[in-house]
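Only one structure is covered here, and it is reproduced in the block below.
Residue numbers (this note's numbering), protein chains in the order written: chain A, 783 to 992; chain B, 783 to 992.
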């Protein structure tokens with residue numbers, strides 16, 4: 783498989799983690815988001831939204847949207863399971879994952895913050911404040927939706943909740959979110975990054991890291 | 783079942799459609815988003831994000847996050863199926879649904895636009911421009927990700943893609959998005975709203991509509 787990816791893209795990071803947990807090998811095709819390569823017509827032909835990641839399967843089939851890619855991987859490579867089998871438990875994991883994948887990342891990504899700055903005259907600090915506001919608000923909700931204890935967000939093995947959390951925490955550290963309020967999330971982050979699949983997916987270990 | 787809902791909330795609208803398509807009866811518990819009732823501590827105890835919808839099952843179990851609720855309904859009430867069984871087809875439906883559920887609604891909802899106005903001195907028109915920008919951009923991507931023909935986004939029966947599209951189009955009409963560029967989306971909207979489940983879920987037919 784091949785993955786169009788950017789080292790600091792948290793949606794790419796999610797898919798890198800899932801591929802690693804499933805034991806799948808992949809080649810990196812970097813798309814430089816800060817240079818705007820995601821808007822090149824050649825790339826948009828692969829991904830109409832102009833976003834990363836895009837996963838290219840062995841037969842050339844292309845899949846977009848990180849959570850749809852995770853769903854595909856779960857169906858085709860069920861072992862190890864990254865979602866519970868019970869519908870109610872599964873809905874609880876998805877709800878926590880979606881607090882990040884829906885409410886947080888899309889509101890704070892490079893495109894949205896770039897639009898805020900370019901169109902509304904907001905400066906660098908205003909852009910950072912925007913990101914910190916939504917990350918702080920939503921990490922608090924995530925913290926209340928997960929299980930109160932356990933190695934990971936839900937139990938002793940990683941789920942989509944952790945796969946969404948760890949990349950979001952990378953951004954939260956980067957932009958100065960006060961994470962001291964969320965000791966449980968930091969404990970989960972440490973446990974996750976101790977796993978080889980999470981470690982290998984880190985931004986700073988990617989071939990396109992700067 | 784009971785649903786904490788707001789007539790104009792597109793995430794509530796999605797769940798209302800899915801409940802209707804599955805033939806499930808539910809009672810409405812309105813939460814007035816414009817009056818800020820979603821921030822009342824009494825409501826936040828049900829939904830830590832302070833968002834609607836929240837689905838209350840017969841036994842009192844509460845589920846949050848519209849797409850997690852859809853997933854639960856799909857697992858427990860599989861007929862009629864609102865997602866394809868084939869993993870690749872399913873990932874394609876999810877990708878289109880997520881262009882709306884992840885990239886569009888969370889960026890243009892009442893809380894985010896309210897924050898833009900309250901914190902960055904943006905006026906009413908600036909808030910509308912923000913919503914229109916992201917809706918237009920993302921509806922174009924949605925239009926390219928769905929099947930080029932068929933009654934609905936993917937084939938001749940509704941899927942999560944349509945369940946996300948129709949509420950988003952309600953907002954797009956409301957805020958003046960140029961939908962003439964998307965004739966296929968308008969055709970799908972007409973076909974969907976001709977179904978009783980979509981019709982009964984419309985904002986203007988809800989008990990809390992103003």
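Idealized CB from N, CA, C, for every residue including glycine.
Nearest neighbour of residue i, chosen from the options [CA to CA]
| i | options | result |
| --- | --- | --- |
| residue 991 (chain A) | A:810, A:797, A:799 | A:810 |
| residue 842 (chain A) | A:832, A:924, A:828 | A:828 |
| residue 784 (chain B) | B:984, B:980, B:835 | B:835 |
| residue 847 (chain A) | A:808, A:793, A:936 | A:793 |
| residue 914 (chain A) | A:799, A:961, A:817, A:821 | A:961 |
| residue 849 (chain A) | B:802, B:920, B:885, B:919 | B:885 |
| residue 936 (chain B) | B:821, B:830, B:861, B:872 | B:872 |
| residue 831 (chain B) | A:980, A:969, A:916 | A:916 |
| residue 855 (chain B) | B:932, B:806, B:789 | B:806 |
| residue 993 (chain A) | A:802, A:940, A:813, A:897 | Missing from the structure shown is residue 993 (chain A); chain A here goes from 783 to 992 and no further. |
| residue 860 (chain A) | A:958, A:950, A:941, A:980 | A:941 |
| residue 815 (chain A) | A:791, A:802, A:858, A:980 | A:791 |
| residue 939 (chain B) | B:980, B:858, B:840 | B:980 |
| residue 801 (chain B) | B:818, B:864, B:822 | B:864 |
| residue 1050 (chain A) | A:870, A:851, A:959, A:789 | Shown here, chain A extends from 783 to 992; a query on residue 1050 (chain A) therefore has no answer. |
The beta strand (DSSP E) enclosing residue i, as first and last residue numbers
| i | result |
| --- | --- |
| residue 784 (chain B) | 784-787 |
| residue 987 (chain B) | Neither: residue 987 (chain B) is in no beta strand (DSSP E) and is coded neither H nor E. |
| residue 836 (chain A) | 836-838 |
Residue i versus residue j: straight-line alpha-carbon distance, rounded
| i | j | result |
| --- | --- | --- |
| residue 845 (chain B) | residue 838 (chain B) | 6 Å |
| residue 906 (chain A) | residue 900 (chain A) | 11 Å |
| residue 928 (chain A) | residue 965 (chain B) | 42 Å |
| residue 975 (chain A) | residue 977 (chain B) | 48 Å |
| residue 804 (chain A) | residue 986 (chain A) | 21 Å |
| residue 971 (chain A) | residue 795 (chain A) | 14 Å |
| residue 799 (chain A) | residue 988 (chain B) | 42 Å |
| residue 967 (chain A) | residue 868 (chain B) | 35 Å |
| residue 969 (chain A) | residue 894 (chain A) | 30 Å |
| residue 984 (chain B) | residue 973 (chain B) | 14 Å |
| residue 826 (chain A) | residue 820 (chain A) | 7 Å |
| residue 902 (chain A) | residue 840 (chain A) | 43 Å |
| residue 931 (chain B) | residue 874 (chain B) | 15 Å |
| residue 909 (chain A) | residue 912 (chain B) | 15 Å |
| residue 797 (chain B) | residue 925 (chain B) | 22 Å |
| residue 982 (chain B) | residue 857 (chain B) | 23 Å |
| residue 963 (chain B) | residue 824 (chain A) | 22 Å |
| residue 822 (chain B) | residue 896 (chain B) | 17 Å |
| residue 862 (chain A) | residue 817 (chain B) | 45 Å |
| residue 898 (chain B) | residue 958 (chain A) | 20 Å |
| residue 789 (chain B) | residue 853 (chain B) | 22 Å |
| residue 870 (chain A) | residue 904 (chain B) | 41 Å |
Extent of the continuous alpha helix (DSSP H) run through residue i
| i | result |
| --- | --- |
| residue 809 (chain B) | Note, residue 809 (chain B): premise wrong, no alpha helix (DSSP H); beta strand (DSSP E) at 809-812. |
| residue 969 (chain B) | 965-975 |
| residue 856 (chain B) | 848-858 |
| residue 868 (chain A) | Careful: residue 868 (chain A) lies outside any alpha helix (DSSP H) and carries neither H nor E. |
| residue 887 (chain B) | 887-890 |
| residue 932 (chain B) | First-last for residue 932 (chain B): undefined, no H or E at that position. |
| residue 953 (chain B) | 942-957 |
| residue 911 (chain B) | 906-927 |
| residue 801 (chain B) | 792-803 |
| residue 824 (chain B) | 823-826 |
| residue 833 (chain A) | That residue, residue 833 (chain A), is in no alpha helix (DSSP H); it is neither H nor E in DSSP. |
| residue 981 (chain B) | 978-983 |
Next item on the list: With 8 Å as the C-beta to C-beta threshold (strictly closer), list the residues of the region 858-874 of chain B near chain A in chain order.
Entry: Answer in chain order: 858, 869, 870, 872, 873, 874.
Task: Proximal residues, the region 929-951 of chain A versus chain B, C-beta separation under 9 Å - done: Legend: CB atoms of the region 929-951 of chain A lying less than 9 Å from CB atoms of chain B are not found in any residue.
Would you call the region 869-885 of chain B in contact with the region 939-952 of chain B, where contact means no fewer than 3 C-beta pairs closer than 8 Å?
Contact holds: three or more Cβ-Cβ distances are below 8 Å.
**Prompt:** Residues in the region 891-903 of chain A with C-beta within 8 Å of chain B's C-beta atoms, listed in sequence order?
**Reply:** The residues in question are 894, 897, 898, 901, 902.
Stretch-stretch touch, CB-based, cutoff 8 Å, three pairs: the region 880-898 of chain A with the region 883-899 of chain B: The region 880-898 of chain A makes contact with the region 883-899 of chain B: 3 or more CB pairs, one atom from each, lie closer than 8 Å.
What are the residues in the region 905-918 of chain B lying within 9 Å of chain A by C-beta distance? The region 905-918 of chain B vs chain A, Cβ under 9 Å: 908, 911, 912, 915, 916.
(message) Under 8 Å, CB to CB, which of the residues in the region 834-861 of chain A have a partner in chain B?
(response) Flagged, chain order: 843, 845, 846, 847, 849, 850, 851, 853, 854, 857, 858.
Which residues, in chain order, does the region 878-891 of chain A contribute to contact with chain B at a C-beta distance below 7 Å? The region 878-891 of chain A vs chain B, Cβ under 7 Å: 880, 881, 883, 884, 885, 888, 889.
For the region 917-931 of chain B and the region 949-958 of chain B, state whether three or more C-beta atom pairs, one from each stretch, are separated by less than 8 Å. Yes: at least three Cβ pairs fall under 8 Å.
Residues in the region 809-835 of chain B having any Cβ partner in chain A nearer than 7 Å: Going along the region 809-835 of chain B in chain order, one finds 830, 831 with a Cβ nearer than 7 Å to chain A.
- Which residues, in order along the region 961-978 of chain A, keep a beta-carbon less than 8 Å from a beta-carbon of chain B? Answer set for the region 961-978 of chain A: empty.
| message | For the region 790-803 of chain A, list every residue whose C-beta sits within 7 Å of some C-beta in chain B, in sequence order. | response | Taking 7 Å as the cut-off between beta carbons, none of the residues of the region 790-803 of chain A comes near chain B.
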